[in-house]
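Encoded as structure tokens, the structure appears first; notes follow it.
Protein chains in written order, with my numbering: chain U, 184 to 533; chain R, 11 to 96.
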């Protein structure tokens, strides 16, 4: 099936709020204020970061969420080499990280002389979460314009665990390797005020608990006993958004630290095999790739060609879906609902 | 037009533009979260917008449902901070 896309970026006709002019260019590309407001948000964030990083803290200045991918590896390097921070690298092992991602984490943290901790949640629990988010409307559609439901479930877990560690160790900054589009431009730097934000998560957590069970509370919330001791909440900072770099430049920089591109991942991931499944589910449900927003911004900023962006969203190794469905323990009914091969065929629409 | 009205108008313009929602679909006395208009990032976006647009600092103690629980509450909070800066 041919996807109708903006002729300038790559946003497709299925993307929320999109419209095309007679030349096939989308309303976002035509809006001259979009790039200007993006650049202003980046400049404001740079100012904030230079003020926030003026002081040093013990034992750590920052915890870095390190998935082993190129972006979080580069963020780790930025924190240490450019900003001179003392950091703790934190990885959530979701059971689907490519073997090479672990090698990359070890090589990069060793090269930078950084302490590394890896946390592996209950994998049967995590599989149930991914199954639920893939087959049920757990998250609001608005959240899913920039991320797939499965990735959102995983990243929420990462964020909760990183915040818990930051609060327990009194670490003032949480760094992550998100790029613009994966997060809104005016959320490059934000105060991670758990109690302020928890209202916005309550409904989705209730739906996830209904689907998966009470373990959700343990993994996705922070106990009152910890929150009651909080004097001040940490800032989340996405340093990569402040840089003006092409992907090949990022890869070249992290390669100097020993990072190597893994195999078995799709064009939009450099660490996680599950991404292919999450993308498939998202595209089937919404009709657009969860990476379109992020890639369209890179194209608009001149950091990636449209052709390169298209190659990335189209590089989805669908032959791996059956194996990933096995790894997640999907039932035949769930497979049928997702349009995946089953035997015997059963029908339950999601 | 009162300061509160001016703030509400600016907030409403930001919310409709940023979250792809029609003005008529935004209930001013109800939480934007409960209406399904924003998620946690949306809350951060609104906070950042308030800080930039009205040149005020949203402090940790301001981050409450009382101040951010609806468009009307946000307008009241911002107007009170503009009129009596701390």
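All residues carry an ideal CB built from backbone N, CA and C; glycine is no exception.
Could you tell me whether any Cβ in chain U is nearer than 8 Å to the Cβ of residue i?
i                     : result
residue 50 of chain R : yes
residue 22 of chain R : no
residue 55 of chain R : yes
residue 30 of chain R : yes
residue 73 of chain R : yes
residue 43 of chain R : yes
residue 65 of chain R : no
residue 62 of chain R : yes
residue 59 of chain R : yes
residue 70 of chain R : yes
residue 86 of chain R : no
Go ahead and label residue i buried or exposed: buried means 16 or more other beta carbons lie within 10 angstroms of its beta carbon, across all protein chains shown.
i                      : result
residue 293 of chain U : exposed
residue 494 of chain U : exposed
residue 49 of chain R  : buried
residue 243 of chain U : buried
residue 250 of chain U : buried
residue 71 of chain R  : exposed
residue 241 of chain U : exposed
residue 298 of chain U : exposed
residue 427 of chain U : exposed
residue 502 of chain U : exposed
residue 488 of chain U : exposed
Would you kindly report the start and end of the unbroken alpha helix (DSSP H) that includes residue i?
i                      : result
residue 26 of chain R  : 13-28
residue 489 of chain U : 489-497
residue 369 of chain U : Unbroken run through residue 369 of chain U: none, as it is neither H nor E.
residue 334 of chain U : 332-352
residue 421 of chain U : Careful: residue 421 of chain U lies outside any alpha helix (DSSP H) and carries neither H nor E.
residue 295 of chain U : 282-295
residue 266 of chain U : Looking at the DSSP string, residue 266 of chain U is not in any alpha helix (DSSP H), and its letter there is neither H nor E.
residue 63 of chain R  : 50-63
residue 225 of chain U : 215-235
I'd like to know whether the C-beta of residue i is nearer than 8 Å to at least one C-beta of chain R.
i                      : result
residue 494 of chain U : no
residue 393 of chain U : no
residue 370 of chain U : yes
residue 417 of chain U : no
residue 203 of chain U : no
residue 380 of chain U : yes
residue 307 of chain U : no
residue 323 of chain U : yes
residue 374 of chain U : yes
residue 199 of chain U : yes
residue 383 of chain U : yes
residue 433 of chain U : no
residue 194 of chain U : no
residue 355 of chain U : no
residue 316 of chain U : no
residue 227 of chain U : yes
residue 320 of chain U : no
residue 366 of chain U : yes
residue 326 of chain U : yes
Within a Cβ cutoff of 8 Å, which residues of the same chain sit near residue i, ignoring the five residues on either side of it in sequence?
i                      : result
residue 201 of chain U : 189, 194, 195, 209, 210, 211
residue 532 of chain U : Since pLDDT at residue 532 of chain U reaches only 49, below the 50 mark, its modelled position is unreliable, and the value read off the structure follows with that caveat. Excluding residues within five positions, the ones whose Cβ falls inside 8 Å are 520.
residue 405 of chain U : 343, 346, 347, 350, 377
residue 61 of chain R  : 67, 68
residue 229 of chain U : 425
Got a sec, what are the start and stop residues for the beta strand (DSSP E) residue i sits in?
i                      : result
residue 306 of chain U : Premise fails: residue 306 of chain U lies in the alpha helix (DSSP H), 306-318, not in any beta strand (DSSP E).
residue 506 of chain U : Not the beta strand (DSSP E): residue 506 of chain U falls in the alpha helix (DSSP H), residues 504-511.
residue 270 of chain U : 270-275
residue 358 of chain U : 356-358
residue 298 of chain U : 298-302
residue 245 of chain U : 245-248
So, at 7 Å on beta carbons, what are the nonlocal neighbours of residue i in its own chain, with the 5 sequence-adjacent residues on each side left out?
i                      : result
residue 399 of chain U : 388, 391, 392
residue 93 of chain R  : 13
residue 290 of chain U : 440, 441, 442
residue 340 of chain U : 275, 304, 402, 403
residue 416 of chain U : 374, 375, 376, 377
So, at 6 Å on beta carbons, what are the nonlocal neighbours of residue i in its own chain, with the 5 sequence-adjacent residues on each side left out?
i                      : result
residue 457 of chain U : 279
residue 300 of chain U : 273
residue 11 of chain R  : none
residue 199 of chain U : 328
Taking 7 Å as the cut-off, is the CB of residue i close to at least one heavy atom of the ligand FMN?
i                      : result
residue 271 of chain U : Among the components modelled here there is no ligand, and therefore nothing to report on the ligand FMN.
Taking three-plus beta-carbon pairs below 8 Å as touching, is the stretch 11-19 of chain R in contact with the stretch 355-372 of chain U?
no
Would you check if there are 3 or more beta carbon pairs closer than 8 Å linking the stretch 319-337 of chain U to the stretch 468-486 of chain U?
yes
Three or more C-beta pairs closer than 8 Å, one from the stretch 226-239 of chain U and one from the stretch 435-448 of chain U: is that the case here?
no
So, do the stretch 271-287 of chain U and the stretch 363-380 of chain U have three or more beta carbon pairs nearer to each other than 8 Å?
no
Does the contact criterion of 3 or more C-beta pairs under 8 Å hold for the stretch 479-486 of chain U versus the stretch 246-265 of chain U?
No, they do not touch.
Do three or more CB pairs link the stretch 315-329 of chain U to the stretch 483-502 of chain U at distances below 8 Å?
They do not touch, by the three-pair rule.
Does the contact criterion of 3 or more C-beta pairs under 8 Å hold for the stretch 307-317 of chain U versus the stretch 498-517 of chain U?
The stretch 498-517 of chain U and the stretch 307-317 of chain U touch, with three or more beta-carbon pairs separated by less than 8 Å.
Answer yes if the stretch 407-421 of chain U comes into contact with the stretch 446-464 of chain U, meaning at least three C-beta pairs across the two stretches below 8 Å, and no otherwise.
no
Please list, in chain order, the residues of the stretch 468-480 of chain U that have any C-beta partner in chain A closer than 9 Å.
Any reference to chain A falls outside this structure, whose protein chains are U and R.
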